[in-house]
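Asker:
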Amino acid sequence: MSSNDSNKRSAARKPVVLMSMGTQERKGHAYQVMTHKYITPLAELSGCVPLLAPSCCGVDDLDQYLSMVDGVYLTGAGSNIDPALYGQKNKTPSKGQDKNRDLFDIPLIRAALERGLPLFAICRGMQEINVALGGSIHQKAYEVPGFNDHREDSNDPVAVQYGDRHTVQALPGSWFAALMGDAPFAVNSLHGQAIDRLGDGVEALARAEDGLIEAFHLPGVAQFTLAVQWHPEWQATQNPHSVKIFSAFGDACRQRAAQRDQ
Numbered sequence: 089m090s091s092n093d094s095n096k097r098s099a100a101r102k103p104v105v106l107m108s109m110g111t112q113e114r115k116g117h118a119y120q121v122m123t124h125k126y127i128t129p130l131a132e133l134s135g136c137v138p139l140l141a142p143s144c145c146g147v148d149d150l151d152q153y154l155s156m157v158d159g160v161y162l163t164g165a166g167s168n169i170d171p172a173l174y175g176q177k178n179k180t181p182s183k184g185q186d187k188n189r190d191l192f193d194i195p196l197i198r199a200a201l202e203r204g205l206p207l208f209a210i211c212r213g214m215q216e217i218n219v220a221l222g223g224s225i226h227q228k229a230y231e232v233p234g235f236n237d238h239r240e241d242s243n244d245p246v247a248v249q250y251g252d253r254h255t256v257q258a259l260p261g262s263w264f265a266a267l268m269g270d271a272p273f274a275v276n277s278l279h280g281q282a283i284d285r286l287g288d289g290v291e292a293l294a295r296a297e298d299g300l301i302e303a304f305h306l307p308g309v310a311q312f313t314l315a316v317q318w319h320p321e322w323q324a325t326q327n328p329h330s331v332k333i334f335s336a337f338g339d340a341c342r343q344r345a346a347q348r349d350q
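Take the sequence shown: its position 214, counting from 1, is numbered 302 in this note's numbering, and each next residue is one higher.
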């Protein structure tokens, strides 16, 4: 093969991004699942190839997974993180948990950071990063004085649940404000839990009108890091702010892939 052919193949290679799946029970069978709404913007806007990893098999192959990818993308889910992982008793026992995902994603986050992999997280994924780095979660954010109720109404149609609920203000002067703009922008809101104490090295990037942390990053690491509490994946191609976020993550993964190919 000529060097030209090799260069063309290298240029055509899309970054590969790891996504950990979650547990779901259906008619007595345990499934590993990932919702289409999370996958499609990664492919369409970030320009990346998703690699879905089952969290039910443990972490023995974690290093091999990470050796194959150029970024890590942690999605939302219907389950809560086990509060024992941040030193609390469970205040929401009626809410489902996914301990397989907890025990996969927390070491995944730490290993991805050590490897310098770009890291993007949504909702539950955001909370996982905070817990992995020693932070804590408000288990019932809607009962915290001063916070609004950020939960959706499950009786509403899905389009209403994912409709704009409040605005978010990026931290003035931050790279996130440069990306998203200085003006407050509207987001959806579908979470009962929220960030409480920030983990080691975690810095807020945006807040809701009530002060709740809606985005953060890890300024002490060299690679792209971003976690958001809302759901930018919902109809992402129709939302200019979502396009900016997924495009920025894709660019970071392409930079990582280019380093791998050198």
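Cβ coordinates follow ideal geometry from the N, Cα and C atoms, glycine included.
Between PRO171 and ASP190, what straight-line distance do the alpha-carbon atoms span, to the nearest angstrom?
Answerer: 10 angstroms
Asker: Do GLN249 and LEU278 have their beta-carbon atoms positioned less than 8 angstroms apart in this structure?
Answerer: Yes.
Asker: I need the straight-line Cα distance from ALA50 to ARG239, nearest angstrom please.
Answerer: Absent from the structure is residue 50, since the part of the chain shown begins at 89 and ends at 350.
Asker: In its own chain, which residues sit with a C-beta less than 7 angstroms from the C-beta of PRO260, not counting the 5 before and 5 after it?
Answerer: ASP270
Asker: What separation, rounded to the nearest whole angstrom, lies between the Cα atoms of ALA324 and SER330?
Answerer: Going by C-alpha positions, ALA324 is about 5 angstroms away from SER330.
Asker: Taking contact to mean at least 3 C-beta pairs separated by less than 8 angstroms, is the stretch 141–150 in contact with the stretch 183–197?
Answerer: yes
Asker: Ignoring anything shorter than 4 residues, give me the alpha helix (DSSP H) runs that lie fully in the stretch 159–240, in order along the chain.
Answerer: Within the stretch 159–240, the complete alpha helix (DSSP H) segments at least 4 residues long are 187–203 and 212–220, listed from N- to C-terminus.
Asker: Which residue from ARG101, LEU133 and ARG285 puts its Cα closest to that of PHE304?
Answerer: ARG285
Asker: Measuring straight from C-alpha to C-alpha, what distance separates SER91 and ARG348?
Answerer: A caution first: SER91 carries a pLDDT of 47, below 50, which makes its placement in the model unreliable, though a value can still be read off. Spanning the two alpha carbons is a distance of roughly 17 angstroms.
Asker: From ALA229 to GLY299, what does the alpha carbon distance come to, in whole angstroms?
Answerer: Between the C-alpha atoms of ALA229 and GLY299 there is a straight-line separation of about 12 angstroms.
Asker: Using only alpha-carbon positions, find the residue among GLN152, GLY116 and VAL157 that is nearest to ARG342.
Answerer: VAL157
Asker: Whole-angstrom Cβ separation of ASP252 and ASN218, contact assumed at under 8 angstroms?
Answerer: That pair is no contact at about 25 angstroms.
Asker: Got a sec, what are the start and stop residues for the beta strand (DSSP E) PRO354 sits in?
Answerer: Residue 354 lies beyond the residue range present for the chain, which begins at 89 and ends at 350; the question has no answer from this structure.
Asker: As an exercise, report each continuous beta strand (DSSP E) stretch of at least 3 residues that is fully enclosed by the stretch 239–263, in chain order.
Answerer: 254–258
Asker: What does the Cβ neighbour count give for ASN168, buried or exposed, with the cut at 16 atoms within 10 Å?
Answerer: buried
Asker: Relative to the C-alpha of LEU306, which residue among LEU196, ASN243, LEU139 and PRO206 is closest?
Answerer: Among LEU196, ASN243, LEU139 and PRO206, the Cα nearest to that of LEU306 belongs to PRO206.
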